[in-house]
Amino acid sequence: MLRDITLGQYYQSDSVIHRLDPRVKLLGTVAFVVSLFLSDYFLGYLVAILFLAICVELSTVPFKFIVKGMKTIVFLLIITVVCNLLFTTGTTVVSFWKVTITVEGIRMAFMMALRLSLLILGSSIMTLTTTPNNLTDGMESVMSPLKKIRVPVHEISMMMSIALRFIPILLEETDKIMKAQIARGADFETGGLIKRAKALIPLLVPLFISAFRRANDLALAMEARCYRGGEHRTKMKPLKYRKRDGIAYGILVIYIAAVIIVGKFGIPVGGFVW
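Under numbering that gives the first Met the number 0, read the sequence shown as residues 0 to 273, first letter to last.
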């Protein structure tokens, strides 16, 4: 399961998406997430699915590798679907004991599960096609107007970048510790909830110690190199918009317009408009 988490990982390639300016990918991801809340019906989500499929194809990242990260949110998806099915009022489809499933509940559960899945997949494209350094520079550039109100933009961008970079490192460390504990007779799979929770203590303690040690080593290394972020700091590779970035912005505007327009039309199915 730990190996299935793709958040924070970078997939090396030379695709069109990889070569885009990180600011384009950041703003594009934000726009894509917002677009998922602009549509009232399924047709709008269909436009989002087609747009995401094109981005996946252009990124040359294997679709199986992207979907692999979805395994970690299956439990969240199940909770979302169940809650919407059971607690949404409307036209009754099935009713037994104290459980009532409605047409509106089925529609809402489907839409929420689809929205959450597209959100995770869309965000994964950005992290898989952008290096941590470029991601930091992009976030700092996008949030630069906030400097006028004394927001520590560089520090925030650096913290987010380091957090993303540490995710795969800590997952690998967790996997090593878990294998070492299993070799010593630890059991993480059997027993009730309380027993499994107690079994995690030999895993969490060394993991926290390792995380604090790595954080301390990183801080010492940055201080030893006299690292100072923020104002008057130059970049070896300053960000610069190119023609392809302008084209990408144009496509993004067309996509948002298509979602807003198409998302206002529904398809009558089962006595309800989807």
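Every residue, glycine too, gets a C-beta built ideally from N, C-alpha and C.
Model, not experiment: these values are computed from the prediction.
Can you list, in chain order, the residues of its chain with a C-beta nearer than 7 Å to that of L1? Leave out the 5 residues immediately preceding and following it.
For the purposes of this step, residue 1 is taken as the residue at position 2 of the sequence shown. Caution applies to L1, whose pLDDT of 49 falls short of 50 and renders its modelled position unreliable; the value that the coordinates give is listed next. Within the same chain, L1 has close Cβ partners L170, T173, D174.
Given that a residue counts as buried once 16 or more other Cβ atoms are within 10 Å of its Cβ, and exposed if not, what is T126?
Position 127 of the sequence shown, counted from the start, is the residue given in the question as residue 126. It is buried - the Cβ of T126 has at least 16 other Cβ atoms within 10 Å.
Tell me the DSSP secondary structure of T88 in three-state form.
Residue numbering aside, residue 88 sits at position 89 when the sequence shown is read from its first letter. Of the three classes helix, strand and coil, the one that applies to T88 here is coil, per DSSP.
Between the C-alpha atoms of K239 and S143, what's the straight-line distance to the nearest angstrom?
Walking along the sequence shown from the start, residue 239 turns up at place 240. Walking along the sequence shown from the start, residue 143 turns up at place 144. Distance between K239 and S143, taken at the CA atoms: about 15 Å.
In whole angstroms, what is the alpha-carbon distance linking I105 and D39?
Counting from one through the sequence shown, the residue named residue 105 turns up at place 106. Counting from one through the sequence shown, the residue named residue 39 turns up at place 40. Between I105 and D39, the C-alpha separation is close to 15 Å.
Do you know whose CA, among I77, V66, T99, lies nearest T87's CA?
For the purposes of this step, residue 87 is identified with residue 88 of the sequence shown, where counting begins at 1. Among I77, V66, T99, the Cα nearest to that of T87 is on T99.
By Cβ distance below 7 Å, which residues in the same chain neighbour S122 in space, the five residues on each side in sequence not counted?
Counted from its first residue, the sequence shown places residue 122 at position 123. Once the five neighbours on either side are set aside, the close Cβ partners of S122 are T28.
Using a Cβ-Cβ cut-off of 6 Å (strictly less than) and excluding sequence neighbours within five positions of K24, which residues of its own chain qualify?
Position 25 of the sequence shown, counting from 1, holds the residue named residue 24. Counting only Cβ-Cβ distances below 6 Å, and skipping sequence neighbours, we find M125, T129.
Exposed or buried, what is E139 when buried is set at 16 or more other beta-carbons lying within 10 Å of its beta-carbon?
To locate residue 139, count along the sequence shown from 1; it is residue 140. Looking at its Cβ environment, which holds 16 or more other Cβ atoms inside 10 Å, E139 is buried.
Does T101 pass the burial test, meaning 16 or more other C-beta atoms within 10 Å, or should it be called exposed?
The residue labelled residue 101 in the question sits at position 102 within the sequence shown. Looking at its Cβ environment, which holds 16 or more other Cβ atoms inside 10 Å, T101 is buried.
Of all the options L49, K236, I166, S14, which has the alpha carbon lying nearest to the alpha carbon of Q8?
Here the question's residue 8 lines up with position 9 in the sequence shown. Measuring from the Cα of Q8, the nearest candidate turns out to be I166.
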